[in-house]
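Some notes on the structure that comes next.
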Amino acid sequence: MYSGFGLLKQQNQQVNVPKHIAIIMDGNGRWAKKRLLPRFIGHQKGLNAVKRVVTHCAEIGVESLTLFAFSTENWRRPPEEVNKLMGLFLKALQREVSKLDDNNVKLQIIGDRSAFNDEIQTHIELAEAQTADNDGLVLNIAANYGGRWDMVEAVKRWQLANPDLDVSHLDESALSKYVCLAEQAEPDLLIRTGGEERISNFLIWQMAYAEFYFTDTLWPDFNEKSIDDAVHSFNQRERRFGQTGDQVKSC
Ligand code: IPE
Ligand code: IPE
Ligand code: MG
């Protein structure tokens with residue numbers, strides 16, 4: 485629980501902080517276009533927003549933060565933009581991990597990393613190893629991630645672990661152990677910036693019961709107050725998980 489800042493403070497409220505926040509960081513290109521700048525500048529500014537949001541989420545007690553950085557479909561972008569994004573990813577892995585480590589953040593990359601070049605793959609491994617023992621915020625970066633890929637991989641992993649079983653033994657609880665982030669709480673709150681209201685193949689299994697929060701704010705403009713606003717909205721929701729409102733209120 486935190487009683488904090490901004491809106492929340494004005495209302496003197498106790499706040500239920502989501503254990504796990506997932507964010508589709510969208511709008512970098514439009515942020516740049518509005519300023520007649522190349523799209524890449526929007527991605528660079530987006531990295532600053534990532535730093536603000538990671539720090540703030542750690543401060544307010546979020547346990548897991550999952551950021552969608554590059555989807556399995558983003559390879560369809562012009563090669564020049566893809567190359568710039570790969571360069572930025574590598575630079576972030578080289579320059580930002582020590583700060584994350586100092587702040588007790590555990591970094592994990594989810595997605596099919598085999599598509600990245602060797603240098604990126606090596607830095608992913610180094611970054612994960614360097615922060616593996618940290619017990620603060622778990623920061624999951626989804627890179628070359630797709631929810632459909634995740635589910636297919638989960639089935640394959642289940643089969644590998646259970647070579648003697650046929651698929652009739654596969655059920656929800658068995659499969660849920662093999663999807664990405666299985667060991668973390670499921671996302672409670674999904675935030676998407678940039679005004680679009682879609683999932684774009686993000687965590688389709690894990691977000692079955694997440695609360696969705698859409699904002700027109702473009703990702704490079706997203707800041708601490710934006711997180712507080714989303715958490716505030718989350719606190720207005722009644723999560724029913726299939727039950728009736730009366731049932732939920734009585735427990
Ligand atoms: C999100 O911003 C970043 C990535 C998908 C890598 P976009 O690049 O999608 O920005 P818009 O949607 O074109 O404004
Ligand atoms: C989703 O954004 C992926 C990331 C934020 C990394 P996109 O901008 O790629 O999504 P669409 O194409 O508009 O659905
Ligand atoms: Mg976009």
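Residue numbers (our numbering): 485 to 735.
For every residue, glycine included, the Cβ atom is placed at its ideal position computed from N, Cα and C.
Assigned exposure category for residue i - 16 Cβ within 10 Å defines buried
i: residue 485; result: For residue 485, the predicted structure reports a pLDDT of 48, less than 50, and the residue's modelled location is therefore unreliable. A value from the coordinates is still provided. Residue 485 comes out exposed.
i: residue 610; result: exposed
i: residue 590; result: buried
i: residue 510; result: buried
i: residue 512; result: buried
i: residue 712; result: buried
i: residue 671; result: buried
i: residue 662; result: buried
i: residue 581; result: buried
i: residue 622; result: buried
i: residue 728; result: exposed
i: residue 667; result: exposed
i: residue 579; result: exposed
i: residue 504; result: buried
i: residue 498; result: exposed
i: residue 694; result: buried
i: residue 720; result: exposed
i: residue 475; result: Nothing can be reported for residue 475, as the shown portion of the chain is limited to 485 through 735.
i: residue 562; result: exposed
i: residue 538; result: buried
i: residue 607; result: buried
i: residue 731; result: exposed
i: residue 502; result: buried
Expected contact under 8 Å - CB spacing of residue i and residue j to nearest Å
i: residue 554; j: residue 624; result: Incorrect: roughly 13 Å between the Cβ atoms, too far for contact.
i: residue 659; j: residue 633; result: Between residue 633 and residue 659 the Cβ distance is about 14 Å, and since that is not below 8 Å, they are no contact.
i: residue 762; j: residue 573; result: Residue 762 cannot be examined here, being either before or after the span of the chain that is shown, 485 to 735.
i: residue 673; j: residue 626; result: Actually they do not touch by this definition, with Cβ atoms about 16 Å apart.
i: residue 698; j: residue 681; result: 5 Å
i: residue 525; j: residue 516; result: 5 Å
i: residue 550; j: residue 687; result: 7 Å
i: residue 547; j: residue 638; result: That pair is no contact at about 22 Å.
i: residue 664; j: residue 594; result: 4 Å
i: residue 584; j: residue 615; result: 6 Å
i: residue 702; j: residue 514; result: 6 Å
i: residue 685; j: residue 631; result: 5 Å
i: residue 704; j: residue 530; result: 5 Å
i: residue 587; j: residue 620; result: 7 Å
Opening and closing residue of the alpha helix (DSSP H) in which residue i lies
i: residue 734; result: 729–734
i: residue 573; result: 563–579
i: residue 514; result: 512–518
Limits of the beta strand (DSSP E) - the one that residue i falls within
i: residue 649; result: It is not in any beta strand (DSSP E) - residue 649 carries neither H nor E in the DSSP assignment.
i: residue 445; result: In the structure displayed, the chain extends from 485 to 735; residue 445 sits before or after that span and is not available.
i: residue 554; result: 548–555
Interface flag, residue i vs chain D, CB-CB below 8 Å
i: residue 710; result: This model lacks chain D altogether; it includes just one protein chain.
Any non-hydrogen atom of ligand 4 within 7 Å of residue i CB
i: residue 631; result: With respect to small molecules bound, the structure shown includes ligand 1, ligand 2 and ligand 3 and not ligand 4.
Query raised in the report: What runs of the alpha helix (DSSP H), each 4 residues or longer, lie entirely inside the segment 651–715?
Result: 656–660
Query - Those runs of the alpha helix (DSSP H) which lie wholly inside the segment 595–625 and span at least 4 residues - result: 602–615
Query raised in the report: Under a criterion of Cβ closer than 6 Å to any non-hydrogen atom of ligand 2, which residues qualify, in chain order?
Result: Selection output, chain order preserved: 508, 509, 510, 552, 553, 554, 555, 558, 680, 682 and 684.
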